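Colleague: Residue numbers (the numbering used here), protein chains in the order written: chain A, 19 to 169; chain B, 100 to 596; chain C, 596 to 1373; chain D, 90 to 198; chain E, 571 to 759; chain F, 605 to 756; chain G, 2 to 86. Would you mind keeping the following structure in view while I ask a few things?
Printed below as a string of structure tokens:
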């Protein structure tokens, strides 16, 4: 544990975050990589001390490093590796389909956010029930049409 | 006994996954392996629950390393309950998938990945070690990444990116949290942590509690951390969405329950914060559902909304509240899976799940109508279905603890839930018959889906009805489990004798 | 016994729903068996019940929530059970005539009617609030399905939705109220509540919530709009649910609770005000309808208001009067509906401007209609008259605040009732009374409809007969009414129904009512002009539509706001939450001691690599170069690992980093070389802010967490035991394969799965066959 | 004595490493930098390994170091060749100063 | 001094297997019977599982004395290289004599392995860097830092090639080299 | 992309050594730096080198195993190792330690953890292989006469 | 120990040079070369450190890095090679 390494961890998180907030999958992957490194460093630092490699018979009088964070970090590294490979496959597939690795906005969400705020109710396709209810109201307040056609 | 039993729900599917991978070219063998393994999980889960309920929490120590040195699997009532509910859902969805044209038949990866998903879910419930929980999450999530993009359509890739990236961020946060916890306490065993966190200064304890809440909150999809869910779930193949909807977020909720009760001292619990989050989750989720026009999307937003009820139950930190949350959890697992399977059947029978494109299904395929209607009403909390009991228990617990506003919101939201369920019913099941494309096989044209699809969905519907019939014993079980959670000495002493 | 009473229709109904398709129209005949059996059984147990020995039954369900199916058949319940089962039987028989054999889905209709019957029976025989609620919601749902039975018609769907949402909202409010009351009282049992009524603010709020439920269900102002809308349902359904039974559920509940809670809080003012308002507005609006069913529907609304006033007032006389009015209303309203159905069926219209000319053979239905109508208008010697009379009497003698006003309202309402009854009967059976809004051509009037078969109108006839019979011989129902009223409010004196009470103020009021009514009918043209000038008071409808529109808009707005669909926004929000929420708590943590600047000179070198590589990875615009910079960070990590005593980690890091880089290269070689700038929804400034916040948070939390460590770590055990028990000198490896080998097992699974995922994605064909249909994911 | 030798070797190796790094900054042309990068780094590693093998007497230390050096010698130039080839093809180097470029002549054929 | 003639493939496998055994023992750092035995088993298994003779190449033989001589010469050249580099790096920019060029150098040996060895050696010797190798017999393309003339570069490489072929080439290779040298001399004269 | 003589030759020379190194790391992992992961990764690196030199065809030719099989058996091996102790009344994954004097070979130390590590390595190798197969493209043997088989 | 300090400082100087080149480029080849050089220097440093502290633990790192660095560099060189400017 040292101040410099703690700062490095923080910086890795910061830089990674910066990249995560972009729209290129490659950058996001790199950002995740940086954050992953940061997290591993954090794990390592959580051991709290610097020491010699924890090998039975070689430690002698010296302080051994904490083996626990090492094992945890190792697991985290390997998992991150697998997942990164998968993300790259996504980028690859995205390239196959669109020729780019842009993370597109969700279409349905955009549609709802864009059309609904401007359009009136009548223009929105799915409000069939509501307009039917309005028609029913029409007929109840003076319209002539009977509600149910006879059997 | 538990030594053998506890690891089985994890290791069996993993072993089966290995075999399934090796048998990548023989689909029938893969099916056999998958169904056999998951059936065995059902049996093991039931045995675990019975044992946990009768004898109290039990632990198994991996590699014979006693806690907190090694990894321990712990089963208390909550764990047993979750396993018992998850196992049949997993099995049913797998059966559904085998009856569905598409993914399962075309992708040799489906079965092994699905089995890993099952193992990951089960491990999340079982593990008594925080880092192992991370590993379980990763198993589950990696499998889910694969499943959500399997098929590689353009929209899947797009939404897959959102899903994967957000979950990776959550995972990284979890690792960081574990690192920080280890730095502060020197252990990652949850039972051990329970004791050690108490020695930390106050601000740090609260910070850890909130950090854990946020970390698992992302997985559980609470406000404002849920955005990824409705964007990504609907694009996965139906069976996959069903199991995601039923189980993945619920694993997050399980973890919320577990960590907030076990590792957070009563004085440090962010009760007000959680209540606010719960209310916002319910409202924003259900409003999202109302705004949607696709069955799967509506249901996806409902996942979010319903999570709010569970958080509400948890936030009360009373026996009644936690029991209500658990009951809700159990219900939602079954209901959400069922509803999404039904959405899949709609999609299969009519060629689309968009409300504007389909209609009149109840008349065309009455069976499908029932398969939707019952769980949908249950979801909306209509008595005497199981969802009602769950909702009643939440309201009851909330009023008992004077959480007036949150419960008021919960009640108001449930009418909105009903509204959006009728939106599906009115849009897809009522009206003139409209279809985009007809399925190709005769069975599907007549009944709406193939036999495995119908049978598995019907089995889940029956399960949900059974949950209603046996709601009494179930709630009592939940209350016992909740009492365990609130005084976790038995849990801790099972792990650290 | 009691449970079988409820379950029998339910079971038969479900059976019909499941397998009745082949029965077609005969489903109704089959279905009629169940309510008839109930009727018989109820009649058989009447003696015992009228002896004030109620039947009870209980079925445990969820004891932890006090949730159980508790049934109790007392006098009041018996009255309802008889009505529900009796009218249910008639309606089923009637429906068998009403529908053509070619109609599809009749078995569903019959089955749903049975399910509704069961729910209604359960509702009226519920002994606890929660049981009542269960049945209550079931009636809402079956009503929804029944209104929407002609689901091809969007109006039917809309009305069904409106009915469901209105009653559902009320139902949920009511549930909240029940729970509040139940928790205050410690029980949901009605008898126990009556014995020991809870008090307090919570209970008062709970009562108001319960009233909301009752008002919505019984279509009280301002929730009455759904009931006229529900008239799109087939007439048998309207007759059964929306006049005789379901809409009385709210009245039933008020009747049950009023004797217990009438004195509490705002109960009485609220109930009386709402009931009065409903009675008047309902009657008023009935006067401007041209559709027979709608006239009846608004009439029902008005009468329900009447009932709410009577039962809600909560003193014995009013309650007793309520029981009579209730009985009367069920008989005449169902009868009228059935006749209207006959007319509609034969004439193919219900518009009073087109009806009126009939051929021979219509005497029977007409007589039934007139009798029922007269009962509705409160003319002697019919049961309706008895009811109104006793209501006037009750409020003349009742000792409650504002009793006079209520009495005036009752009279006014009755006048309106008289008027719309006249409108109904005249409109239906006399031609050319109303012609507004219809073009005066030949099409307006229709050919005389063919006469119905006697079996078609017989149910209506039976109801009319009962109306007369009970009016003439009140003693037939006297005992039932007495016991019902007494079971509701044991404090009251016994009731004896009689046609003639002598000359008293009530009779005078009746006479006044009739007189004013006749005036209103005669001055029909004036009234019509008045109505034309006044705006229609369709507040309920407007409110519902406005609420729905607002809800949809709110939903769109909120969803558009939160669900922006943009990944960077999501990530930003999530990270910010993750930082701010715990960070806020962290501010309360003690200031940590700062660790040494470096733990060894190597730290500087590693830091240089990490920082340099990291910044470069962010800044560089060349894709591959960015990957190389990430590689440099990885090597920097390896250096850190080596320095910190973690050779295994260093080894793994180097290998993973390099193989990872190979995979990067394999993918990125396809993608454009340079990062082109793309617009993002997240501005540079907010990006910077989030990044900085994350960094600061991580830094602070590390320092704090390391600074507060209190205990020895569990890893000291690792070093002590790795060799003896694990058999290895490399402690980290022992941890990986043995102590925490379970993690490793999960980890290789992750690898295998990720690899398969890569394969599944990358080996797909390049064409996206289904790209154009994003929803079609199967 | 051995320790002194080892120290000298290690420092000499480190000096070479420093040299190659300085070269990276000083020279403007890619190939020149590659010359500077390949050779000193390889020899530097050899020297340091030699020094280390004198100091560390644990089992297999020397042999592992030997293997390291052998592998480094086998692979280092190949890496340089590949990078050089790619860079040449890509035109990343300072072509204008080159007296002759016979590879370009071949490629243009 | 000639090496025994063995069938090339056998030599290849045997040599690799032998090297593997040696390496195994080196890795364990312990010359014990179990180590040697297990090494042998593993080496044979590896060689059988992954047959190394999948290229069409001339065999490599080792002439120990010349090989040692080459090795020493090479190390010395490496030191010289580094001295040269050091000078170059530390000298002021004005005194730098960098005149880069890329020269094609045809080799005479047909053995791919030897050509590779030559190419690597070129990279590690002063002022030269192999960029590419094409064809068979290979033509090396060498980047020269201080270019004087094409001939000078080729002569330097030819010298290197000769040393290597004499140390590791088959008799036929050596003979061809000699013939080539004679031809070159004839050319020169 | 033209093949490279130098790369081809060196990769072939290094390949076996790398495999041996991987085995060494695998076997000594319990006592020295190394282990299943690193072992597997080194094998993966060796395979990747073959891939870099000769494309996916060369990898297939060198290692004619289906990566799926490798992944599956690896996972099955690891889980079996974990499951076996259950049958002997011990906890899951409780590795046994067998020390026996085997004739002239001396002491044999064998932990069943080794089998677990082998499974781990298998999975890692299978993964790398599958990645290469997924992203891999064929490299033509263009300009590589040294790869042509000598006519018999 | 002074030797160690000197050696490490020297290596650090070299590393700084490579790092500079990695960050500045300008070409990808430059970055590849410098990354390779950095890795070699890291190994050198670790070995030097091992030499002075007499620890053999990290020696394996050298062998593996020699192999793996080769892979990284050659992969970059080869797969970027095909792209012309």
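Every residue, glycine too, gets a C-beta built ideally from N, C-alpha and C. Note that the structure is a prediction, hence the values are computed from the model and not measured.
I'd like to know whether the C-beta of residue 267 (chain B) is nearer than 8 Å to at least one C-beta of chain A.
Modeller: At least one chain A Cβ lies under 8 Å of residue 267 (chain B).
Colleague: When you compare the region 1282–1299 of chain C with the region 1165–1178 of chain C, are there three or more beta-carbon pairs, one atom per stretch, that lie closer than 8 Å?
Modeller: Touching, yes, given that three or more Cβ pairs across the two stretches are closer than 8 Å.
Colleague: Buried or exposed for residue 66 (chain A), going by 16 or more other Cβ atoms inside 10 Å?
Modeller: Looking at its Cβ environment, which holds 16 or more other Cβ atoms inside 10 Å, residue 66 (chain A) is buried.
Colleague: Residue 1267 (chain C) CB to nearest chain F CB: under 8 Å?
Modeller: Not closer than 8 Å to any Cβ of chain F, the Cβ of residue 1267 (chain C) fails to qualify, so no.
Colleague: In chain D, what lies closer than 9 Å to residue 629 (chain F) by C-beta?
Modeller: Under the 9 Å cutoff, chain D gives no residues; its nearest Cβ is about 11 Å from residue 629 (chain F).
Colleague: Against chain C, with Cβ distances strictly below 8 Å, would residue 673 (chain F) count as a contact?
Modeller: False, the Cβ-Cβ gap to chain C never drops below 8 Å.
Colleague: To test your reading of the DSSP string, which unbroken beta strand (DSSP E) runs of 3 or more residues are found completely within the region 178–245 of chain B?
Modeller: Fully enclosed beta strand (DSSP E) runs of 3 or longer: not present.
Colleague: Please look up how many angstroms separate the CB atoms of residue 406 (chain B) and residue 348 (chain B), rounded, as I've assumed it's under 8 Å.
Modeller: Rounded, the Cβ-Cβ distance is 6 Å, consistent with contact.
Colleague: How about residue 1238 (chain C) and residue 1201 (chain C): are their beta carbons less than 8 Å apart?
Modeller: A contact, by the Cβ cut-off of 8 Å.
Colleague: Would you call the region 136–153 of chain B and the region 667–687 of chain F touching, i.e. three or more CB-CB distances under 8 Å?
Modeller: Taking 8 Å as the limit for Cβ pairs, the verdict is that the region 667–687 of chain F does not touch the region 136–153 of chain B.
Colleague: Hey, does residue 157 (chain D) have any beta-carbon neighbour from chain E nearer than 8 Å?
Modeller: So, not an interface residue.
Colleague: Please classify residue 721 (chain E): does DSSP put it in a helix, a strand, or coil?
Modeller: Here residue 721 (chain E) sits in helix by DSSP.
Colleague: So which of C:785, C:789, C:932 has the shortest CA-CA distance to residue 1420 (chain C)?
Modeller: This structure does not reach residue 1420 (chain C), given that chain C is present from 596 up to 1373, and the question cannot be answered.
Colleague: Any contact between the region 119–138 of chain B and the region 163–172 of chain B? By contact I mean 3 or more CB pairs, one from each, below 8 Å.
Modeller: Too few Cβ pairs lie closer than 8 Å, so no.
Colleague: Using a Cβ cut-off of 8 Å, which residues of the region 43–73 of chain G contact any Cβ in chain C, in chain order?
Modeller: For the region 43–73 of chain G, which is checked against every Cβ of chain C, the residues closer than 8 Å are 43, 46, 47, 50, 58, 59, 61, 62, 65, 66, 69, 70, 72, 73.
Colleague: Looking at residue 1262 (chain C): is its Cβ nearer than 8 Å to the Cβ of residue 739 (chain F)?
Modeller: It is a contact, given that the beta carbons lie within the stated cut-off.
Colleague: Would you mind working out which of C:752, C:1166, C:1332, C:816 sits nearest residue 898 (chain C), comparing C-alpha positions?
Modeller: The shortest C-alpha separation from residue 898 (chain C) is found at C:816.
Colleague: So, does the CB of residue 736 (chain C) fall closer than 8 Å to a CB anywhere in chain A?
Modeller: Taking Cβ atoms only, chain A never reaches closer than 8 Å to residue 736 (chain C), which makes this a no.
Colleague: Please classify residue 943 (chain C): does DSSP put it in a helix, a strand, or coil?
Modeller: Coil at residue 943 (chain C), not helix or strand.
Colleague: Please tell me whether residue 643 (chain F) has its Cβ less than 8 Å away from any Cβ of chain G.
Modeller: No, its Cβ sits nowhere closer than 8 Å to a Cβ of chain G.
Colleague: Provide the residue(s) that pair with residue 157 (chain B) in DSSP beta bridges, ordered along the chain.
Modeller: In the DSSP output, where bridge partners are listed per residue, residue 157 (chain B) has B:174.
Colleague: Starting from residue 649 (chain F), find everything on chain C with Cβ-Cβ shorter than 9 Å and list it in chain order.
Modeller: Neighbours of residue 649 (chain F) on chain C, chain order: 1250, 1253, 1254, 1257.
Colleague: With a Cβ-Cβ cutoff of 8 Å, do residue 90 (chain A) and residue 60 (chain A) count as a contact?
Modeller: No, the pair does not count as a contact, with Cβ atoms beyond the cut-off.
Colleague: Of the residues that make up the region 68–90 of chain A, which ones have a beta carbon closer than 9 Å to any beta carbon in chain G?
Modeller: Within the region 68–90 of chain A, the residues whose Cβ lies closer than 9 Å to some Cβ of chain G are 70, 71, 73, 76, listed in chain order.
Colleague: Would you mind telling me which residues of chain D sit closer than 7 Å to residue 711 (chain E), beta carbon to beta carbon, in chain order?
Modeller: Near residue 711 (chain E) (Cβ distances below 7 Å), the residues of chain D are 191, 192.
Colleague: Would you check if the region 616–633 of chain C and the region 674–687 of chain C touch, i.e. whether three or more CB-CB distances between them fall below 8 Å?
Modeller: Counting Cβ pairs under 8 Å, three or more are found: they touch.
Colleague: Any beta carbon from chain B within less than 8 Å of residue 763 (chain F)'s own beta carbon?
Modeller: In the structure as shown, chain F begins at 605 and stops at 756. Residue 763 (chain F) is therefore absent and cannot be evaluated.
Colleague: Any chance you could list the beta strand (DSSP E) runs of at least 3 consecutive residues sitting entirely within the region 1151–1229 of chain C, in chain order?
Modeller: With a minimum length of 3 residues, no continuous beta strand (DSSP E) run stays inside the region 1151–1229 of chain C.
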